[in-house]
Structure formats: C-alpha cells, structure tokens
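Chains as they are written, first to last, in the numbering used here: chain A, 542 to 910; chain B, 26 to 203; chain C, 2 to 144.
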Amino acid sequence: MSEQTICTDTIKLNIGPHHPATHGVFRLETELDGEVVVNSRPILGYLHRGIEKIAENLTYNQIIPYFDRLDYLSGFLNEYPFVSAVERLMGIEVPKKAQYLRVLMMELNRIAAHLVNIGAQGLDLASMTSMVYCMREREYLLELFVAVSGSRMTFNWMRVGGVKSDLPEGFLSRVDRFIHYLKDRMPEYASLMQDNEIFQARTKGIGILRPDHALELGCSGPLLRGSGVARDIRMDEPYEVYDELEFKVITHDECDSFARYMVRYDEISQSIRIIEQILSKIPDGDIMAKVPKVIKPPEGDIYSRVEAPIGELGVYLSSDGKNKPHRMKIRAPSFSNIRAVPDMIKGLQVPDVIATFASVAPTMGEADR
Amino acid sequence: MGKGIVEMGLKESRTLDPAISDGKGSVFLTSVDWLIAWGRKNSLWPLTFATACCAFEMIHAWMPRYDFDRLGSFFRPTPRQCDVMIVAGTITKKMAEPTRLLYDQIPHPKWVLAMGACACSGGPFIDSYSVVKGVDKVIPVDVYIPGCPPRPEALQFGMTQLQKKIMATKRNLGRNHV
Amino acid sequence: MSEIIELIKEKIVVEVEEMPKGEPGLKIRVDNDKLINTLKSLRGIGYNYMTMLTAKCTDDSFDAVYLLDDWTHKRRIWVYTEVNVDNPSIPSITPSWLAADYLEREVYDMFGIEFEGHPNLTRILTPEGFNQYPLRKEFKETD
Chain A
542 MSEQTICTDT IKLNIGPHHP ATHGVFRLET ELDGEVVVNS RPILGYLHRG IEKIAENLTY
602 NQIIPYFDRL DYLSGFLNEY PFVSAVERLM GIEVPKKAQY LRVLMMELNR IAAHLVNIGA
662 QGLDLASMTS MVYCMREREY LLELFVAVSG SRMTFNWMRV GGVKSDLPEG FLSRVDRFIH
722 YLKDRMPEYA SLMQDNEIFQ ARTKGIGILR PDHALELGCS GPLLRGSGVA RDIRMDEPYE
782 VYDELEFKVI THDECDSFAR YMVRYDEISQ SIRIIEQILS KIPDGDIMAK VPKVIKPPEG
842 DIYSRVEAPI GELGVYLSSD GKNKPHRMKI RAPSFSNIRA VPDMIKGLQV PDVIATFASV
902 APTMGEADR
Chain B
26 MGKGIVEMGL KESRTLDPAI SDGKGSVFLT SVDWLIAWGR KNSLWPLTFA TACCAFEMIH
86 AWMPRYDFDR LGSFFRPTPR QCDVMIVAGT ITKKMAEPTR LLYDQIPHPK WVLAMGACAC
146 SGGPFIDSYS VVKGVDKVIP VDVYIPGCPP RPEALQFGMT QLQKKIMATK RNLGRNHV
Chain C
2 MSEIIELIKE KIVVEVEEMP KGEPGLKIRV DNDKLINTLK SLRGIGYNYM TMLTAKCTDD
62 SFDAVYLLDD WTHKRRIWVY TEVNVDNPSI PSITPSWLAA DYLEREVYDM FGIEFEGHPN
122 LTRILTPEGF NQYPLRKEFK ETD
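Pasting the structure below:
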C-alpha cells in the first residue's frame, strides 16, 4: 500500500427525541467515527412543562398532583418530599399510623418502578419477554394502588399532615398475597435476565462509571450504588419510620450496566423485606394531623429529600408567609444522572449506547420538569 | 353509526369524507369499500410516540391483561410502517416540530388519537408558558380520549370508536385523501 | 456542631447562621468575589457533594443558593450569594466542580443569571428562540 492517507470524517447521528426505547423524549447527538462514539451531547427540554412556575400560583395542597407527574412511575415517592418540606416548616407532627401507611405505599411503589426499569432494560436489549412479565406483575400492584387512592398512576394521596384516606378492608391480606406471589416470580426473572448469557454479554463491562466521578457529578440512586458507593437516604438520613425497620443497602462494585441492573433487582427483595415488617407493625390511630384550614408556612427556606427509585429527589421550598410558595425548586435525580451519560458512552458502539442508557433509566418528566 | 360518532365529539379530519358519498355507488364498489375499511380497521399499527405519563397506560394496554394485540395492532417504531399515531402525553413547544414531522412521515391513510388531557387541550399544564394547548393545534385529530391518565379500558373505547369511524368511511378505493 | 462552625469561621471568614427550625443545615452568606474560594474551602472541609444549585427572587435582586452535603458526617450547609439585578453575573464553579454544569445552565435559562467561566452557557430546557427568563417575577406569558 502506498503512503496515501485516506481522508476520514466523523458523522453526526441523532438519537431521539422520538426513539423506541421507552425512556421518553430525549435527544442525544452523537458524533461517530465508524460505529464508535467519539463525542456526544444530550439535549433536554422536550418535556419541559414549567411546573416550577405553575406552582408559584397555586396553594400548597393544589400543587401535590403535579408531583405525581414528575417521575410518573413512582407517584407516592414524588409527593413525599413536598409534603414533608411543608410539614417541617410548619412544625407539624405526622401521626404514627400515617407514617407507616406512607412507607408501605412508598415501598410498594418502589417495587413497581424497579419492575418497569428492569423490564425496560430487557426490552432495549430486544428481550420483549422481560417487559411483558414485569408489566404483568405491575398490574397486580396497580390494582392495589387503585384500592387505596383511586387511581392507577397519579395518586394525589398524600396531604400536608398525613394522608387522604385509610386503607380499605382486607388490603393488608391482599398485599401479603401479592408479596408471596412476587417472591415465587423472582427466580423466573433471574433465569430470563441475569443468568442469560446474552444479557450478560451485552451488559457486563459496558458503560463504566467510576465512583469518584459519579460523586463529582452529583449522581445518586442505583447509578451510584452500582459503582460501589453505599449511599441510601433511607439509611443515612432516615425519614418517617425507616429508623425502626431493618433492611440492607445494596451495592455492587463492578460499575457497569450489569451492576446497576443487579442493584435494582436486589432492591426489590429488600423492599419486600421492608413490607413484611410493616405488615405486622401498623398501629391504630389517626391518618391526619391537626392542620389549619389555610396552609401558610412561616418564612424560611427548607430542603427535604426522599430516596426515589432513580436517586435523590428533593424539594427546595422558599416560603414568604403567604398561602402560595414564593419559590419551589425540584432537585431531579434524572437531571444530574444524565450528565454522566456522555462520559459513560465514550468509546462504545451504538447498540452499547442504548444498553447503557437503559441502565441509567432516567425519566424525562423529572429531568425536564 | 353516525350518531355514535357525533356523540363522541370527533373533529372532522381530512382523511374522512362521509358526506361525499351520494349513496349511488354500485353494489360491487360498496362491497369493496366495505372490505377495505374492514381490513384497515382490524390492523391498525400505532407509532410508539409517547411523551409523558400516558405512555405507561398505553404500554399497559398492550401488555398481558388488556392485550390490544387481539385488535390486530402492535407497535412499530418507524412512522413509515404505521397507520395510526396515538399522541400520549404533553406536547411542549419544543416537541411540536418533531410531532409534525412524524405525522407527515406516516403514509396515508392515517389517523390520530389524542390520548389524555394534555394532548386534548393542554391538561393540567394549560397555564404553562411552554406547553402547546392541545395537539390539534399541530396535527389533525380524529378521536379524543380524556383522562389523566385514561385507563386502558378508555383507550380501548377510543380505539373501537376509531374503528367505527373507519368503517364509516366511503370511497376507500383510490386516492381520496388530500 | 460547634467545632464545625469554628472550623468554617476560621477557613472562610464569615458569619455562620442557623436555618429555621426543621432544617438541619447551617447557612452562610458570601459576596460574589469570595464565592469560588468559599465553595472550594467547604469542599476541602468535607462538604463534597453538591446537592442543589438554584436561585430565587428577593425583593430587589436575586439570591443564588447552593446546598452542599457532607455524607460522612451527616451534615449540610447552605451558601447564599446576592446577584445584582442590573448586571446579573457571578463566577462559575463548573470548571472545578462538574456537578454544577447542568444546574448553572438551568439557572441561566430560568433567571438570566450569567456564570462567568462556564464552558457552555446555553439554554437547556426552554425551546430555541425563547428569549425570556420564565422564573423572574415580572415574566408574563405572551401568547
């Protein structure tokens, strides 16, 4: 061959905003050298609905439904930081029974969200069976949610000072039956996904995120725990009744997509363990504290957080003494986690980009607000 | 059949023109019309277009319990292979242009279902500065399905109403769409 | 609690206040020119996780609000700095702390506060062609 140099150039490939992976409207502009990603740039904002501006014109209880629509898979977990921020500003003590009910529904919701994320991770690797199985389980959970709050997905159930309604009759035995059913199903998912050598070949070693880099970027949730950092708000800064419950913080050290999948899979088992403890411990009592008719928190700033299935979801509330918030900011875990994506996919091929993104599993409703 | 469609409050779309039929078509052509409409309604392939929360109710509709595969429809990721576009979720101003592009890329005959309050009229985000107040400002809509989010049973009712609308279309042979 | 207050007072010469009851963090307020050194010193003391970066409107100007967490010792600190409304511009912490990358872009998008030194200060959430700042109190929707 002569010394002629062949002129090569990179091509720009646009992944999104409409693409079949079920993570919402997200656009990733990648620069490819052949099939390998050289550079990439996430573009957000396709689902920016202006929730923070809308909230400045609504009273506190009117804002709660907007929180369900942030990470639409985990409605109960989204409502919690907002009501807890208002309660702490006003010094309201939530009754013990309401705290237990909140934790019960939050853990059931965590199972529902993790089932979708596991199933979607399989679906993005072309295993349609995983999605179908996980959604089948999720239907039973949605029936439980309808029984408690009236809606399958957008619950509007928590209120400042407690919860809206008590559990219906026979609910706890239904939860118990569901837990037993799910425990029998977990080995089925294991054989379909983590014991499957195609799944392992597609996810092991793909999408490495080192722990120090993840901490520098402000990542949280399974993204951080899949890199070996044992950080879980339920253990580090316990809220509601988590200090009375026993559970383990799941970490895996491999820093790849397989580790993040295993974190979610094992967290389902931990949630089952928490729910079994709660079922025997729910006390009798009120479901709502004594709250004034018009909610007017005193002046001040506060930040309240929850361990959502994607990471740390927080609400910053700045009140000026009126019945509408002066400034409400939502600290969205997906927004910070997406910042890690360009660093994780450098040097990977295009199908691995999809596999990595599926393991990060952001929700656009939350990233864009 | 006409009365049922009026009760749903459907908007006239450019692909449907039942008024043109003067009832004087031949027996052969009306049977072929019926056959084509029957074939179309039983194999509606939707586009995987989902922005927000309604996406998950739409996904649940295709999953084991509600199983819309028995209606003959299954998702296609590319607009070139679809007939129907189910707009599930809020359409923001930034997303309006991609929505229009996707709609234009679907070959005729095509239909649109606006699923959920956000796609019908802006929904809970109607006061927002960055939300398009209803997807019918961007693309023509055939069936509106209210709800926030609508249950899969409501989506099923919307699909069957769309099927009735398709059966009511005359002059299916040839290019009668704009 | 008091040792950390003493340590902060010694490293960053500033008054440390308490937040309202219910909020466990400490609060300090600094000027724009001391902001970067303050954040770097706090990071050195142990507050090495940037949880939140936002801004809010006060009566006559903006306040940029930073929230840093120290998970090893389970404590957090708020850093407030006032931003002039006529020429809203403060130095950017992104070159030394990558967590602030998207957060500062969002504050620029919503309030119009410019961060000097940010590698890519462009709009992130609002559509292209949108030339207003939605979260300012005087924003009115035009259509």
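Cβ atoms here follow ideal geometry from the backbone N, Cα and C, with glycine treated the same way.
Delimiting residues of the beta strand (DSSP E) encompassing residue i
i, result
"A:ASN555", "552-556"
"A:PRO892", "From DSSP, A:PRO892 is part of no beta strand (DSSP E) but of the alpha helix (DSSP H) over 891-901."
"C:SER90", "90-92"
"A:GLU907", "From DSSP, A:GLU907 is part of no beta strand (DSSP E) but of the alpha helix (DSSP H) over 905-909."
"B:ALA113", "109-113"
"C:ILE183", "There is no way to answer for residue 183 of chain C, as the model of chain C reaches only from 2 to 144."
Coarse secondary structure for residue i, derived from DSSP in three states
i, result
"B:LEU187", "helix"
"C:TRP79", "strand"
"C:TYR134", "coil"
"B:ASP47", "Summary for B:ASP47: the model assigns pLDDT 46, below 50, so the residue's position carries little reliability, and this model does not support an answer."
"B:PRO149", "helix"
"C:THR73", "coil"
"C:TYR67", "strand"
"A:VAL673", "helix"
"C:PHE116", "strand"
"A:MET631", "helix"
"A:THR744", "helix"
"C:THR123", "coil"
"C:GLU18", "strand"
"A:MET885", "helix"
"C:GLY45", "helix"
"A:MET699", "strand"
"A:VAL790", "coil"
Residue environment, residue i, which counts as buried when at least 16 other CB atoms sit within 10 Å
i, result
"A:ARG751", "exposed"
"B:LYS49", "Reliability fails at B:LYS49, whose pLDDT of 48 lies under 50, so the model's placement of it is uncertain and no value is given."
"B:ASP47", "Summary for B:ASP47: the model assigns pLDDT 46, below 50, so the residue's position carries little reliability, and this model does not support an answer."
"B:TRP59", "exposed"
"A:ILE895", "buried"
"A:VAL685", "Per the sequence presented here, residue 685 of chain A reads as Leu, with Val not at that position. By the 10 Å Cβ count, A:LEU685 comes out buried."
"B:LEU41", "Because B:LEU41 carries a pLDDT of 43, less than 50, the predicted location of this residue cannot be relied on, and no value is offered for it."
"A:TYR722", "exposed"
"A:SER690", "buried"
"B:LYS195", "buried"
"C:VAL14", "exposed"
"A:SER671", "buried"
"C:ALA101", "buried"
"A:PHE898", "buried"
"B:MET26", "Any reading at B:MET26 needs caution, since the residue's pLDDT is 42, under 50, leaving its predicted position unreliable; the model's value is listed next. B:MET26 comes out exposed."
"B:LEU126", "exposed"
"B:ALA139", "buried"
According to DSSP, residues forming a beta bridge with residue i
i, result
"B:PHE99", "Beta-bridge pairing links B:PHE99 to no other residue."
"A:GLY583", "What sits at residue 583 of chain A in the sequence shown is Pro, not Gly. In DSSP, A:PRO583 forms a bridge with A:LEU569."
"A:GLY841", "A:SER860"
"B:ILE170", "B:MET140"
"B:PRO71", "B:VAL109"
"A:ILE871", "A:VAL856"
"C:GLU105", "According to DSSP, which records beta bridges pairwise, C:GLU105 is partnered with nothing at all."
"A:GLY826", "None, per the DSSP bridge assignment."
"A:GLU848", "A:GLU853"
"B:THR117", "B:VAL156"
"C:VAL84", "C:PHE63"
"A:VAL689", "A:VAL689 is not bridged to any residue."
Residue range of the unbroken alpha helix (DSSP H) whose run includes residue i
i, result
"C:LYS10", "3-12"
"A:ILE547", "Per DSSP, A:ILE547 belongs to no alpha helix (DSSP H) and is neither H nor E."
"A:TYR607", "601-609"
"C:TYR50", "Taken as a continuous stretch (DSSP letters only), C:TYR50 belongs to no alpha helix (DSSP H), being part of the beta strand (DSSP E) at 50-58."
"A:GLU729", "712-733"
"A:VAL804", "798-820"
"A:GLU648", "637-665"
Per the contact definition of three or more C-beta pairs closer than 8 Å, is the stretch 759-768 of chain A in contact with the stretch 680-700 of chain A?
-> no
Determine, using beta-carbon pairs with one atom in the stretch 109-125 of chain B and one in the stretch 142-149 of chain B, whether at least three such pairs fall under 8 Å.
-> yes
Three CB pairs or more closer than 8 Å across the stretch 582-601 of chain A and the stretch 864-880 of chain A | yes
Using 8 Å as the Cβ pair cut-off and three pairs as the minimum, do the stretch 793-806 of chain A and the stretch 82-99 of chain C touch?
-> no
Looking at C-beta atoms only, is the number of pairs between the stretch 825-843 of chain A and the stretch 563-576 of chain A that lie closer than 8 Å three or more?
-> no
Give a yes or no on contact between the stretch 617-628 of chain A and the stretch 812-829 of chain A, applying the rule of three or more CB pairs nearer than 8 Å.
-> no
So does the stretch 641-652 of chain A actually touch the stretch 777-784 of chain A, counting three or more Cβ pairs closer than 8 Å?
-> yes
At a cut of 8 Å, does the stretch 132-139 of chain B reach the stretch 582-590 of chain A through at least three beta carbon pairs?
-> no
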